[in-house]
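Protein chains in written order, with this note's numbering: chain A, 262 to 334; chain B, 12 to 311; chain C, 25 to 187. For glycine and all other residues, C-beta sits at the position ideal for the given N, C-alpha and C. Just so you know, these numbers come straight off a predicted model, no measurement behind them. Notes follow once the structure below has been shown.
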Amino acid sequence: MNEIKTIDARGLSCPQPALLATQAIKKLSKGTLEVLVDSATARENVSRLAKNAGWTVTIEDKPDGSSRIVLKK
Amino acid sequence: MMLIAGTVPIKDMPLTLGKVTSESGYLVVGGRSIPCTQGTGAMVSAALATTSYLGLEAPHALLVGDIGKGEGSRKLYQYLIDHIEELSPAVLALHYWLPNMSQTRQLCAAVEKCARRPIMIADAASMYSAKAAGLAEKFDIFTPDPTEIAFLADPEATHPAYIARHLFETDITRAPELARAAYRHHGAAKILLAKGAIDYIIKDGEVLATISEPNVPALEPIGGTGDTITGLVSAFAFAGLELHEAAIIAAKVNRMAGKYANVTPATKVREVIAQFPAVFKDYLCQWSSVCGAKGGRSGD
Amino acid sequence: MLFQEVSQAMAVEKMLKAAGYMVRLVAPPPELRKGCDLAVEINLVEQPGIERLLKEKDMAYTSIEPIRAKTAPLLDAVKVTDFGRWVMVKAGNMKITYEKESGVIVNVSGGGCPDIPYLHAELIDKRLDQAPRPKALGFTLCALNLERALDECLALYSGGNKT
Chain A
262 MNEIKTIDAR
272 GLSCPQPALL
282 ATQAIKKLSK
292 GTLEVLVDSA
302 TARENVSRLA
312 KNAGWTVTIE
322 DKPDGSSRIV
332 LKK
Chain B
12 MMLIAGTVPI
22 KDMPLTLGKV
32 TSESGYLVVG
42 GRSIPCTQGT
52 GAMVSAALAT
62 TSYLGLEAPH
72 ALLVGDIGKG
82 EGSRKLYQYL
92 IDHIEELSPA
102 VLALHYWLPN
112 MSQTRQLCAA
122 VEKCARRPIM
132 IADAASMYSA
142 KAAGLAEKFD
152 IFTPDPTEIA
162 FLADPEATHP
172 AYIARHLFET
182 DITRAPELAR
192 AAYRHHGAAK
202 ILLAKGAIDY
212 IIKDGEVLAT
222 ISEPNVPALE
232 PIGGTGDTIT
242 GLVSAFAFAG
252 LELHEAAIIA
262 AKVNRMAGKY
272 ANVTPATKVR
282 EVIAQFPAVF
292 KDYLCQWSSV
302 CGAKGGRSGD
Chain C
25 MLFQEVSQAM
35 AVEKMLKAAG
45 YMVRLVAPPP
55 ELRKGCDLAV
65 EINLVEQPGI
75 ERLLKEKDMA
85 YTSIEPIRAK
95 TAPLLDAVKV
105 TDFGRWVMVK
115 AGNMKITYEK
125 ESGVIVNVSG
135 GGCPDIPYLH
145 AELIDKRLDQ
155 APRPKALGFT
165 LCALNLERAL
175 DECLALYSGG
185 NKT
């Protein structure tokens with residue numbers, strides 16, 4: 262079973278969520294990453310950079326305003 | 012961790028290592044209060060403001076009191092030489108101290124033994140002694156002002172007090188040329204953040220970026236505004252930005268904070284640092300290559 | 025003439041000049057440099073008299089060596105910038121900024137040696153003619169440049185030309 266690596270970027274200010282996601286994507290050439298964010302900007306940035314790097318992106322918005330972004334390659 | 016090492020102008024302060032916090036406008040390290048003024052205090056304050064905003068671990072500081080006699084400086088570097096392997100910082104930023112080439116050599120040798128080599132940043136007299144000892148190329152980032160670029164370019168000078176006169180009389184627009192000379196003479200770190208009326212980000216002798224806006228001439232006379240750039244670039248490097256990008260954004264933040272603070276030559280550096288959070292909020296996303304947001308204030 | 029500490033070289037140079045000797049501060053030869061270094065260049069012919077004077081004054085030095093290798097003079101260039109209400113004077117790597125009208129020092133910048141933040145605190149908000157002398161309080165080459173900057177500020181300010 263593939264291990265899912267989680268990056269909890271909630272509470273972090275831009276550009277930190279995108280930076281953490283970029284670093285994780287670089288390190289893990291393929292697999293599944295889960296990025297937790299709590300702002301629309303972070304959600305857009307992480308999604309965009311992941312797509313640009315060839316990862317598929319699925320977003321699950323939570324009732325508390327945060328989002329769980331699942332990246333797969 | 013991010014580790015900043017330097018001297019502070021508190022006569023008998025012993026060697027102190029700790030995570031930095033702030034309280035009532037002062038920095039607090041190991042229970043000791045340090046003023047946020049020109050020197051390592053301003054640098055640490057800038058780094059703390061940045062890590063706080065980004066939600067990162069606060070910097071650690073290794074500080075010692077030294078008003079110029081050198082005893083504190085020697086203890087500081089000896090501690091680093093003896094403990095850097097176990098401390099194993101992700102970023103090591105070296106700042107004010109009494110330059111000593113021998114201890115600089117020993118420190119660089121100790122750093123080579125670290126399991127994970129830290130990002131090495133130097134400014135102030137730590138930069139002077141690294142260059143004088145022939146070890147500039149061991150460093151990732153130097154942050155020289157115009158006189159210090161001339162010092163780096165002068166293969167004979169061991170301190171900026173001795174640079175050749177014809178190099179001193181150059182203006183900042185000659186910084187790229189002087190930087191190339193510095194690289195030729197092995198007097199430059201991999202990246203130079205040459206700070207002045209125009210900031211140049213230079214990597215391996217080539218200018219990657221030129222930053223001249225906003226133009227805030229009154230930043231130059233303010234003691235500590237060079238130190239804040241070093242604090243900013245160290246924190247951005249710790250945050251994981253590519254080093255050249257960390258340098259570019261550091262230069263931009265410093266200028267914009269000067270504009271936000273409406274500085275005059277009489278402004279004190281803590282007033283500039285106080286504007287960092289507002290500048291981060293308005294511009295950091297826009298300036299970072301990993302973000303796509305537009306930002307800024309109207310009229311900027 | 026070589027010394028353990030920069031401050032010793034500065035003190036001896038000051039004393040010898042006051043005693044009428046023509047001496048100057050220079051960098052020691054390259055192989056003897058530590059990082060922040062200062063030597064006093066003397067006329068070897070005058071060595072006996074100078075040694076005697078230092079002994080009388082109980083002032084220490086390491087040795088006197090004939091010059092074989094190149095010594096470097098201290099940079100003595102000064103640059104003045106007018107900021108309207110303020111003037112900034114740069115000497116080497118050090119800058120002092122003062123308010124024209126009052127002659128009060130508002131900022132000190134530059135440098136990298138540990139006496140500079142200390143001198144910054146001591147000079148800020150003092151009038152130029154009441155400020156402590158960096159050479160008397162400081163220990164390093166940066167302090168020496170700051171002294172030069174202060175001298176130039178005083179000359180500008182007291183010359184009636186506050187710019």
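- Query: Within the 8 Å Cβ cut-off, does S309/B reach chain C?
  - Reply: Caution applies to S309/B, whose pLDDT of 48 falls short of 50 and renders its modelled position unreliable; the value that the coordinates give is listed next. No - not a single Cβ of chain C is within 8 Å of the one on S309/B.
- Going by alpha carbons, who is nearest to T164/C out of Y294/B, R281/B, S84/B, A58/B? When only C-alpha atoms are compared, the closest one is S84/B.
- Query: If we ignore side chains and look at the alpha-carbon of each, how far apart do V196/C and L230/B end up?
  - Reply: Because chain C spans 25 through 187 in this model, residue 196/C falls outside it and cannot be assessed.
- Query: So which residues on chain A does L295/B lean against when the C-beta distance must stay under 8 Å?
  - Reply: Contact of L295/B with chain A by beta-carbon distance below 8 Å involves S274, C275, P276.
- Item | Distance between S63/B and K333/A (C-alpha atoms, nearest Å) | Inter-residue distance for K333/A and S63/B is about 31 Å (C-alpha atoms, whole angstroms).
- Message: Let's test the definition: count the other Cβ atoms within 10 Å of the Cβ of S299/B and tell me whether it reaches 16, buried, or not, exposed.
- Response: Buried is the call here.
- Report yes if the C-beta of L105/B is less than 7 Å from at least one heavy atom of the ligand ATP; otherwise report no. As far as ligands go, the structure on display features none, and thus does not contain the ligand ATP.
- Query: Since S327/A and D299/A are thought to touch, with beta carbons under 8 Å apart, how far apart are those beta carbons, to the nearest angstrom?
  - Reply: Confirmed, about 4 Å.
- Sort K86/B, P157/B, Y88/B by Cα distance to S133/C and report the nearest one. Minimum Cα-Cα distance from S133/C among the listed residues K86/B, P157/B, Y88/B corresponds to P157/B.
- Contacting positions in the stretch 242-257 of chain B - beta carbon closer than 9 Å to chain A: For the stretch 242-257 of chain B, the beta-carbon criterion of a distance under 9 Å to any beta-carbon of chain A is satisfied by A250, G251, L252.
- Query: What's the gap between the Cα of S308/A and the Cα of I330/A?
  - Reply: Roughly 8 Å separates the two Cα atoms.
- Query: So which residues on chain B does L168/C lean against when the C-beta distance must stay under 7 Å?
  - Reply: Neighbours of L168/C in chain B, taken as residues at a C-beta separation under 7 Å, are given in chain order as A172.
- Item | N313/A, DSSP secondary structure in three states | Residue state, collapsed to three classes: helix.
- Based on the DSSP output, what are the partners of N111/B in its beta bridges? Paired residues: G59/C.
- Query: How would you label S31/C, buried or exposed, when you count the other beta carbons within 10 angstroms and need 16 or more for buried?
  - Reply: When all chains shown are included, S31/C counts as buried.
- Spatial distance of M112/C from T86/C (CA atoms): Approximately 38 Å between the Cα atoms of the pair.
- Quick one: what's G136/C bridged to in DSSP? Paired residue(s): none; G136/C is not in a bridge.
- Message: Please tell me whether Q277/A and A270/A are closer than 8 Å, where the distance is taken between their beta carbons.
- Response: Taking 8 Å as the Cβ cut-off, Q277/A and A270/A qualify as a contacting pair.
- Item | Beta-carbon proximity list for K30/B, same chain, < 6 Å, skipping 5 on both sides | Closer than 6 Å at the Cβ level, and outside the excluded window around K30/B, lie A69, H71.
- Task: Determine the burial state of H94/B: buried for a count of at least 16 other Cβ atoms within 10 Å of its Cβ, exposed for fewer.
- Result: Looking at its Cβ environment, which holds fewer than 16 other Cβ atoms inside 10 Å, H94/B is exposed.
- Who are I222/B's beta bridge partners in DSSP? BP columns for I222/B point to D210/B.
- Task: Using three-state DSSP, classify V227/B as helix, strand or coil.
- Result: V227/B: coil per DSSP, three-state reduction.
- Given A205/B, which residues of its chain have a CB within under 7 Å of its CB, disregarding the five upstream and five downstream residues? For A205/B, where only same-chain residues beyond five positions count, the Cβ hits under 7 Å are P155, I160, A186, A190, Y211, I213.
- Query: Excluding sequence positions up to five away, which residues of its chain have a Cβ less than 7 Å from the Cβ of P46/B?
  - Reply: Short of 7 Å from the beta carbon of P46/B, and not among the five residues preceding or following it, lie these beta carbons of its own chain, in chain order: Y37, G52.
- Query: Does the pairing of the stretch 12-23 of chain B with the stretch 306-322 of chain A give three or more beta-carbon distances under 8 Å?
  - Reply: Not touching, per the Cβ criterion.
- Message: Out of F162/B, R128/B, K279/B, P129/B, which one is the CA nearest neighbour of Y139/B?
- Response: Checking every option, the nearest Cα to that of Y139/B belongs to F162/B.
- Message: Just to check my reading of the structure: P249/C and P20/B have Cβ atoms closer than 8 Å, yes? What is that Cβ distance to the nearest angstrom?
- Response: No information on residue 249/C is available, as it lies outside the stretch 25 to 187 that chain C covers here.
- Task: Could you check how far apart the C-beta atoms of L26/C and P52/C are, in whole angstroms? I think they sit under 8 Å.
- Result: Indeed they touch by this definition, with Cβ atoms about 6 Å apart.
- P100/B versus I132/B: straight-line alpha-carbon distance, rounded: Their Cα atoms are separated by approximately 12 Å.
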